[in-house]
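Protein sequences, first through last, are from chains A and C.
With this note's numbering applied, the first sequence covers 13 to 121.
With this note's numbering applied, the second sequence covers 751 to 1052.
So the structure is just underneath, and the comments pick up after that.
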Amino acid sequence: MNPSVEALENQYILLRGSLSTLIGQGATDAQQSQLRSAIAKSRDNYWLATRRILHDDDPEVASLVSQMNTEQLSLDATIKNLGDISKVLNAITKAVDIGSQLAAKAVAL
Amino acid sequence: MGSLRKSPFSVGLLLLFSCFCACKVSDDAVAAAQQMTATATALTSYYAAIADSLTDTIALNELDATLSKIPFDSAERKPIEETRSEILKRKDLAQSLAKLASGMTRLSVSTAPADVQTAAASLGNELVSVKALPGGSPVPDALGKAGNLLLRLIQQRKEKDAAQAMDQTLAAMVALFEKEEPTYDSIARTHLFQASQVATDLISRKAVDPTSMLTPALKPFGLTALQPDPQFQQALRQLELTRLQSTAQDSTQHEIEASAAMLSALQEMSSRVHLLATEKPMPIRGNPFSLKTVESWANSMI
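What follows is the structure, encoded as structure tokens:
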């Protein structure tokens, strides 16, 4: 599978699948709103990448995929070991931003 | 003859398929055409099912926006709609191939010149349709090149070379599916994930009637369940969630098997046409068994 699409799919599935758990951690209304926006952005990144074919042979894209995968592992661990919800949100925001960079690298054929 | 003039490739196609039918072993040509028809029809169903899953994905995201307040505006809807549009272009391509192959079958068994002319005109139009791939779509360049080569060779009346070009066209279609198959799997997986999230939310909100879970026990005896008490409803909800997860996993696996089977059938079709194009005997003439897997999955999506 295209590694870029796979990384973005995994990120969206992790975040959307964790929504109720994260909300259950006492997130404020503002934090919940931030979380939902991050999930929507992650989903959008996935569909942008699916619509197009990513140039995986581009070294910059390869580097972003690598960063995405590292962030994914970190994010997974952070969500599983919930502590400070604001730290979790920061981790999510950072991971989704990398996903946005990856989706922006998509080029129309 | 007017229709033939409208379709400048029809005469050439007649030559091409006459070559298939007259210059080659006729049974092989007929068998190849029938296999192409069955495979292209299954491919059409496959793409239709993927397109339907994208339609459902949009609806599921709308539901998710209502239930979970995850934003889903027109800008977020657009890339999914555009993905669906790309899938529908591939469906049209497969449909044209099915018609083309079906026309080949008609040509190979027809004895009336008028029938042959009509079928040839129809084939010409379909080939133009197959060739007219949407601009900007990620269809391998080889497909366009193969189509152009086929047309040129037909115009030059190089029948054998034209048959080989047909072989190339089909090989390019296989390459297209093979390249994109993981993306089709991802689209189907995401659809099922989205459905499972919304269904989980609905179960958690007690918006799903749990009595249907009792049907397997009651139906054989013509019995009807009463509304379960709250404690029993809670137990049934847990069963619903468990069943939902296992069904989602099974469905995901079913789609992966269907796309692998589709690729296998396309490869089989391509290899058989290759045998025809290279004037080699075709040892197997039946439709590929893998098509049943594709049809089963496509039917389950309706």
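C-beta atoms are modelled at their ideal positions from N, C-alpha and C, and glycine is treated no differently.
Beta-carbon separation (whole angstroms), residue i vs residue j, contact threshold 8 Å
i	j	result
C/Ala-807	C/Thr-940	One point to set straight first is that residue 807 of chain C is Thr, not Ala, in the sequence displayed. Right, the Cβ-Cβ distance comes to about 7 Å (below 8 Å), so this counts as a contact.
C/Ile-953	C/Leu-989	So it is not a contact: roughly 10 Å between Cβ atoms.
C/Leu-1016	C/Val-958	Actually they do not touch by this definition, with Cβ atoms about 40 Å apart.
C/Gln-804	C/Ile-830	Note on residue identity: the sequence assigns Leu, not Gln, to residue 804 of chain C. Confirmed, Cβ separation roughly 6 Å.
C/Thr-961	C/Ala-975	4 Å
C/Ala-790	C/Ala-825	Not quite, the Cβ-Cβ distance comes to about 36 Å (not below 8 Å), so this is no contact.
A/Gln-46	A/Leu-85	Rounded, the Cβ-Cβ distance is 22 Å, inconsistent with contact.
Selection from the options that minimises the alpha carbon distance to residue i
i	options	result
A/Ala-107	A/Asp-41, A/Asp-96 and A/Ala-50	A/Ala-50
C/Ile-837	C/Ala-801, C/Pro-821 and C/Lys-828	C/Ala-801
C/Met-1012	C/Val-1023, C/Ile-1034, C/Lys-1042 and C/Thr-1002	C/Lys-1042
A/Gln-44	A/Lys-117, A/Ser-98 and A/Arg-63	A/Ser-98
C/Ser-1020	C/Asp-951, C/Leu-926 and C/Leu-920	C/Leu-920
A/Gln-37	A/Ala-116, A/Asp-96 and A/Ile-110	A/Asp-96
C/Leu-793	C/Ala-1010, C/Ala-1027 and C/Lys-1030	C/Ala-1010
C/Ser-795	C/Lys-841, C/Pro-978 and C/Glu-930	C/Lys-841
A/Leu-31	A/Ser-54, A/Arg-63, A/Ala-115 and A/Trp-59	A/Ser-54
C/Ala-809	C/Glu-928, C/Gln-947, C/Ala-848 and C/Val-1044	C/Gln-947
C/Asp-917	C/Met-786, C/Asn-1049 and C/Pro-966	C/Met-786
C/Glu-1007	C/Leu-926, C/Ser-818 and C/Tyr-934	C/Tyr-934
C/Lys-839	C/Ala-788, C/Phe-822, C/Phe-927 and C/Glu-812	C/Phe-927
C/Asn-811	C/Glu-1005, C/Leu-942 and C/Ile-1034	C/Leu-942
C-beta neighbour in chain C for residue i, strict 8 Å
i	result
A/Ser-16	no
A/Ser-49	yes
A/Thr-62	yes
A/Ile-25	yes
A/Ala-52	yes
A/Asp-56	yes
A/Leu-114	no
A/Leu-3	No answer is possible for residue 3 of chain A: it lies beyond the span of chain A, which begins at 13 and ends at 121.
A/Leu-101	no
Buried or exposed by the 16-neighbour rule on C-beta atoms within 10 Å, applied to residue i
i	result
C/Thr-816	exposed
C/Gln-944	buried
C/Ser-1046	exposed
C/Pro-980	exposed
C/Arg-1022	buried
C/Glu-930	buried
C/Asn-1037	buried
C/Ile-937	buried
C/Gly-972	exposed
C/Cys-771	Residue confidence for C/Cys-771 is low, a pLDDT of 43 falling below 50, so the modelled location carries little weight and cannot support an answer.
A/Gln-23	buried
A/Arg-48	buried
Test: residue i CB closer than 8 Å to a CB of chain A
i	result
C/Gly-897	Model confidence at C/Gly-897 stands at a pLDDT of 47, short of 50, so the residue's coordinates are unreliable; what they give is reported in the following sentence. Not an interface residue.
C/Phe-822	yes
C/Ser-936	yes
C/Lys-969	no
C/Lys-819	yes
C/Pro-960	no
C/Ile-953	no
C/Pro-829	yes
C/Thr-1028	no
Contact test: residue i Cβ vs the ligand SAM heavy atom, cutoff 7 Å
i	result
C/Glu-1045	In terms of ligand content, the structure shown is empty, and the ligand SAM therefore cannot be addressed.
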